[in-house]
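This report refers to the structure that appears directly beneath it.
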Amino acid sequence: MISEQKEDAIRNLYLSGIGEEFIAMQVDLEIPVVISILKEIGIYSSVKEEEVGSNLN
14 MISEQKEDAI
24 RNLYLSGIGE
34 EFIAMQVDLE
44 IPVVISILKE
54 IGIYSSVKEE
64 EVGSNLN
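First residue of the sequence shown? That's 14 in the numbering used here, and the numbers climb one at a time after it.
Printed below as a string of structure tokens:
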């Protein structure tokens, strides 16, 4: 079970544009766990917006 504080930190870091690997290091969790939490929250996207935007040019 992940604390609500950790979940909030993960959400805020991800929405700030921080990558999953760095988030995992910051909250001391494995990358797949961070991704699972982001999916549960409903905000995870395997393709980030900046990657999509750069492919359009």
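Just so it is clear, CB atoms sit at the ideal spot from N, CA and C, and this is done for glycine as well.
Euclidean distance between Cα positions of residue i and residue j
i	j	result
Ala-22	Ser-59	19 Å
Ser-16	Glu-53	14 Å
Ala-37	Gly-30	14 Å
Short Cβ contact (8 Å threshold) for residue i with residue j
i	j	result
Leu-51	Tyr-27	yes
Glu-34	Ile-48	no
Val-40	Lys-19	yes
Cβ-based burial, residue i [other Cβ within 10 Å; buried from 16]
i	result
Ile-56	exposed
Asn-25	exposed
Gly-32	exposed
Any chain B beta carbon closer than 8 Å to residue i
i	result
Ile-50	Annotation note: the requested chain B is absent from the structure, which comprises a single protein chain.
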